[in-house]
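Data block below; observations after.
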């Protein structure tokens, strides 16, 4: 287990690796929608097409993502930093206010204007320290010609 100094240093070191920014969304039980900003998202396999998303076990959206049968990922475009902040910091009940989205085939929200999107079926959930690793099988996807939003050293750019 890392001590406080080590975990802060690890976070700073990892912050030097530029990442894309995505919002993971799904429909909760019933008809409510939810979404959360992530940057721990990557491809795993081309055949079959698999991705993974990591989510903090303490996050309010943790149980919703780890129990969802399907979910959608919107890779944010370079001018969508405000959306990244909204889905990271705002109360869950206001995150979709004034945000345009369309429903994927399962009803999961796909954010309009995203650089790319994926619709996934949950293929497994594994523990990963203080996070859970959600493996998704991609069942549909698409992209635009827009550049992606990046996160580097604690800032969007």
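In our numbering, the protein residues as written are 740 to 896. Every residue, glycine too, gets a C-beta built ideally from N, C-alpha and C.
Residue environment: residue 781 is assigned as exposed (fewer than 16 neighbouring CB atoms within 10 Å of its CB, all protein chains considered).
With 16 or more other CB atoms across the displayed protein chains lying within 10 angstroms of its CB, residue 819 is buried. Residue pairing of residue 775 in beta bridges, as defined by DSSP: 763. Separation of residue 888 and residue 812 (C-alpha to C-alpha, rounded to the nearest whole angstrom) is 14 Å. Taking C-beta atoms under 8 Å as the contact rule, residue 848 and residue 793 fail to qualify, at a distance of about 20 Å.
The three-state secondary structure of residue 795, taken from DSSP, is strand. Here residue 810 is buried. Its C-beta has 16 or more other C-beta atoms within 10 Å. Counted as a single uninterrupted DSSP element, the beta strand (DSSP E) harbouring residue 891 occupies residues 889–891.
Straight-line spacing of the CA atoms in residue 858 and residue 823 works out to 19 Å. DSSP places residue 801 in the uninterrupted alpha helix (DSSP H) bounded by 801–806. An exposed status is given to residue 892, since fewer than 16 other beta-carbon atoms sit within 10 Å of its beta-carbon.
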